[in-house]
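Here UniProt numbering is used: position 144 in the sequence shown is 144, and no number is missing along the way.
For glycine and all other residues, C-beta sits at the position ideal for the given N, C-alpha and C.
Model, not experiment: these values are computed from the prediction.
Please read the structure below before turning to the comments.
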Amino acid sequence: ASYSGFIPVSGYSRSDNTYWPVGQEPSENNIVGIQMWRVDPDYVTTMGMKIIDGRDFNKEIASDSSGVVLNRRAFEMFGFKKGEDNAIQTNAFDESNNLIEGEFEHHKVLGVVEDFNFESMKENIGPLALFMGQSTSSLVIKLQSDEIASTLDNIEAKWSEFDSSLPFSYTFLDEEFANMYNA
Numbered sequence: 001a002s003y004s005g006f007i008p009v010s011g012y013s014r015s016d017n018t019y020w021p022v023g024q025e026p027s028e029n030n031i032v033g034i035q036m037w038r039v040d041p042d043y044v045t046t047m048g049m050k051i052i053d054g055r056d057f058n059k060e061i062a063s064d065s066s067g068v069v070l071n072r073r074a075f076e077m078f079g080f081k082k083g084e085d086n087a088i089q090t091n092a093f094d095e096s097n098n099l100i101e102g103e104f105e106h107h108k109v110l111g112v113v114e115d116f117n118f119e120s121m122k123e124n125i126g127p128l129a130l131f132m133g134q135s136t137s138s139l140v141i142k143l144q145s146d147e148i149a150s151t152l153d154n155i156e157a158k159w160s161e162f163d164s165s166l167p168f169s170y171t172f173l174d175e176e177f178a179n180m181y182n183a
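Structure representation (structure tokens):
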């Protein structure tokens, strides 16, 4: 199971920002506009993403909270090489979202996942960065197909224990992926 505000299907509101490799001045040749998803440490595994370089987040390693997992598209757009220490940066902002002149946020690239569609299947796959952080609008649970009805009943009962004022609703990712394919 994993909490995230972002599920790889179209229709979810997403955030993006511009990043460039650490050690370089930003220019039109190295700035990458990239989607940013805040995920928990179990997201990559729960979603079945394939790590093609480096590693996934590890909640036991404190510095992973400022690390990033890129998709292949983003990794290639930055011009990074596998097996090297790579990092990206962006402008820093204060709590009121004001630019802090001359300060930057640095994010070590922990790993790279294979590309996957997160918009219409007719669109090219764009660059994506996964950051470990709080974003709990969706709970993703991987289910065994032979016990779906009883598992959903159990999840709904637990849901009601936590907050009965919020309605329990769910969707199946395979159906969402089919909708993306047909869009």
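Contact annotation, Trp37 with Leu130: C-beta distance approximately 5 Å; criterion of less than 8 Å satisfied. Residue pairing by DSSP places Glu105 opposite Thr90 in a beta bridge. For Asn71, the enclosing beta strand (DSSP E) starts and ends at Val68 to Asn71. A residue is called buried when at least 16 other Cβ atoms come within 10 angstroms of its Cβ; Pro127 meets this threshold and is buried. It is roughly 10 Å from the alpha-carbon of Thr151 to the alpha-carbon of Ala157. Straight-line spacing of the CA atoms in Glu105 and Ile155 works out to 39 Å.
Under the three-state reduction of DSSP, Val113 is assigned to strand. Taking each of Phe162, Leu99, Val39 and Gly33 in turn and checking the Cα distance to Met77, the smallest one comes out for Gly33. In the DSSP secondary-structure assignment, Val32 is bridged to Tyr19.
For Leu130, the enclosing beta strand (DSSP E) starts and ends at Leu128 to Met132. Beta-bridge annotation (DSSP): Arg55 is not paired with any residue. Judged by beta-carbon spacing, Gly111 lies beyond the 9 Å limit of Val39, meaning their Cβ atoms are not closer than that value. The closest CA to that of Val109, considering only Asp64, Thr18 and Trp159, is found on Asp64. Beta bridge pairing from DSSP links Trp159 with no other residue.
Ala62 and Leu70 have their C-alpha atoms spaced approximately 19 Å apart. Look at the beta carbons and you see the segment 14 to 26 touching the segment 78 to 91: at least three pairs across the two are nearer than 8 Å. Between Thr46 and Ile141, the CB-CB gap stays under 9 Å.
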